[in-house]
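To keep things clear, I will list the structure first and then write my remarks on it.
Residue numbers (the working numbering): 4 to 115.
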């Protein structure tokens with residue numbers, strides 16, 4: 004696993020919520036970048052969850068499109084720029100947030 008990924012896991016004590024076996028990152032084996040859905044398809048396959056059970060936080064249009072094309076049902080756009088998406092590109096976007104401050108409220112509304 005990449006040293007910077009391990010650093011975040013350790014410093015922010017994230018391993019209690021995110022086991023290493025479920026962490027997906029671009030380790031050089033991703034052939035197609037976003038907005039291609041490949042990275043999300045690999046993440047879904049590796050974790051064994053269904054796309055409709057996934058929740059993705061994205062900060063860029065290409066990432067939002069990538070997650071949506073992979074069948075992810077719940078997407079939270081952490082960017083005011085996400086509002087620039089065409090209406091048909093916003094189908095699976097549950098919320099547009101400027102930062103992570105209101106994430107708990109969004110999760111409660113989504114019952115996640």
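Glycine included, each C-beta is placed from N, C-alpha and C at the ideal position.
Owing to the predicted nature of the structure, the values given are computational and were not obtained by experimental measurement.
In this structure, what does DSSP give as the bridge partners for residue 78?
59, 96
Roughly how many angstroms lie between the CA atoms of residue 105 and residue 30, to the nearest whole one?
31 Å
Residue span of the alpha helix (DSSP H) that contains residue 9, given as start and end:
6-14
Taking the alpha-carbon of residue 76 as reference, which of 82, 15, 92 has the nearest alpha-carbon?
92
Check whether residue 102 and residue 78 have beta carbons under 8 Å apart
no
What does the alpha-carbon distance come out to for the pair residue 23 and residue 15?
14 Å
May I have the straight-line CA-CA distance separating residue 88 from residue 64, to the nearest angstrom?
7 Å
Helix, strand or coil: how does DSSP classify residue 68 here?
helix
With burial defined as no fewer than 16 other Cβ atoms inside 10 Å of the residue's Cβ, what is the status of residue 96: buried or exposed?
buried
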